[in-house]
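Undergrad:
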Amino acid sequence: MDQGPGNRSDNRSEIRDFLASRRAKIAPEQVGLPTSGRRRVPGLRREEVAVLAGVSTEWYTRLEKGHISGVSEDVIDAVARALQLEEDERTYLFDLARAARPARHTPSRRKDVEVPPRIQWMLDSMTMASASVQNGRMDVVAANSLARAVFAPWFRSGSTDKRGRPNVARYIFLDPGAHDFYVDWETAAVTTAALLRAEAGREPHDRALRELVGELSTLSPDFRTMWAAHDVRIRHDGIKRLRHPEVGRLELTYQSLNLPMSNRAVHDLTIYTAEPGTTFEDRLKLLTSLAATRPRAEEPTNQPR
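Taking the numbering used here, the leading residue of the sequence shown gets 849, the next gets one more, and so forth.
1) Compare the beta carbon distance of D1079 and A1041 with 9 Å and say whether it is the shorter of the two.
2) Report the residue from L1132, A1077, V927, R888 whose alpha carbon sits nearest the alpha carbon of H1092.
3) Please work out which residues of its chain come closer than 6 Å, Cβ to Cβ, to I916, disregarding the five sequence neighbours upstream and downstream, and give them in chain order.
4) With DSSP as the reference, label S980 as helix, strand or coil.
5) Looking only at its own chain, which residues have a Cβ that is under 6 Å from the Cβ of R860, when we skip the five neighbours before and after it?
6) Start and end of the alpha helix (DSSP H) containing H1027?
7) Please find out if some non-hydrogen atom of the ligand MG comes closer than 8 Å to the beta-carbon of E1051.
8) With 16 as the cutoff for other CB atoms within 10 Å, does V998 come out buried or exposed?
9) Leaving out the 5 sequence neighbours to the left and right, which residues in its chain are closer than 7 Å to V1038 when beta-carbon positions are compared?
10) The alpha helix (DSSP H) spanning T1035 covers which residue range?
11) Tell me, to the nearest whole angstrom, how far the beta carbon of Y1019 is from that of W1002; I am working on the premise that it is less than 8 Å.
12) Report yes if the C-beta distance between T1118 and L1105 is below 9 Å; otherwise report no.
13) Going by CA-CA distance only, name the one from E1034, A1122, S1007, D1032 that's closest to D1023.
14) Within the continuous beta strand (DSSP E) that includes D1085, where are the two ends?
15) Which of helix, strand or coil does DSSP assign to D1009?
16) Since T1141 is in the alpha helix (DSSP H), which residue starts that stretch and which ends it?
17) Taking T1118 as part of the alpha helix (DSSP H), name the residues at either end of that continuous run.
18) Between P1024 and chain C, is the shortest Cβ-Cβ distance under 9 Å, so that the two count as touching?
19) Distance check for V1114 and L941, CA to CA, integer angstroms please.
20) For T1121, which residues from the same chain have a beta carbon less than 6 Å from its beta carbon, with the 5 sequence-adjacent residues on both sides left out?
21) Which runs of the alpha helix (DSSP H), 4 residues or longer, sit entirely within the region 1052–1076?
So this is what it looks like as structure tokens:
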């Protein structure tokens, strides 16, 4: 994620490693190629990807070395199809290509924006759902009372900043309690690293994001391994299983929605609910009651950096 000479983001290593990692995941038989002959590395050879994409081997080799600036979208799309990229991976590749193009002016660092009061009002109106808003770096910038109750370990951990905002990535990778709180810790960790990887493709000039990735890479061997896998996740939903310190095990359905608040800022609204009629719904209701009877904790401030 280092910024290269001039006004261009020097992301050649990210492009190289991402394309090579996707190529290694495809077996020749998956694309109708013969499997005879000894292969020194797993997956497809560069010349095989070139044939599938309809380009020369020399051209694809140059592309995989990170020289993607000036390449047409049609060609990038052909490479994406040859590598059988999923939608999120394809979006990430296009983001990398966009960042590699020479800029006409020095790109401005994305600025955090204040969460409008109407967003907090919306969250507070959701009384039977945990609702929170995260920015692309996974700072929790707004939450309703049930979210603060369900994810109390976030707000009580050392992952909070001086404004009282937890960072989910720091909590998952740096707080020992995360392994107990998340029943499926590894799944949560892989998803978190993949979400940060996608954000790095969107915002290569975000210094705070670079610092976060550097901190996690230095302090967490698990993060280093998962970051090196170059997995990408943009949209996420599913089931989250938690061991809550007050009500025991929770199994919640969650959905993440894009919440536009400015042209540059990317935020996600994540809503957690329990299946009606289950024990987990009863426990969620208990947390709702507990949250309603407690003094409202000091809100994380949403003022921009």
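Ideal Cβ placement from N, Cα and C applies to all residues, glycine included.
TA: Per the coordinate set shown:
1) yes
2) Selected option, being the one with the closest Cα: L1132.
3) I863, A945, A948
4) strand
5) G914
6) Per DSSP, H1027 belongs to the alpha helix (DSSP H) from 1026–1029.
7) No copy of the ligand MG appears in this structure; indeed no ligand is present at all.
8) buried
9) Excluding five sequence positions before and after V1038, the CB atoms of its chain that fall closer than 7 Å to its own CB belong to M1074, D1079, given in chain order.
10) Element bounds for T1035: 1033–1050.
11) 5 Å
12) yes
13) The closest CA to that of D1023, considering only E1034, A1122, S1007, D1032, is found on S1007.
14) Here the beta strand (DSSP E) through D1085 covers 1085–1092.
15) coil
16) 1127–1141
17) For T1118, there is no enclosing alpha helix (DSSP H); the enclosing beta strand (DSSP E) covers residues 1115–1121.
18) This model lacks chain C altogether, as it is built from one protein chain only.
19) 18 Å
20) A977, T1101
21) Within the region 1052–1076, the complete alpha helix (DSSP H) runs of at least 4 residues are 1055–1067, 1069–1076.
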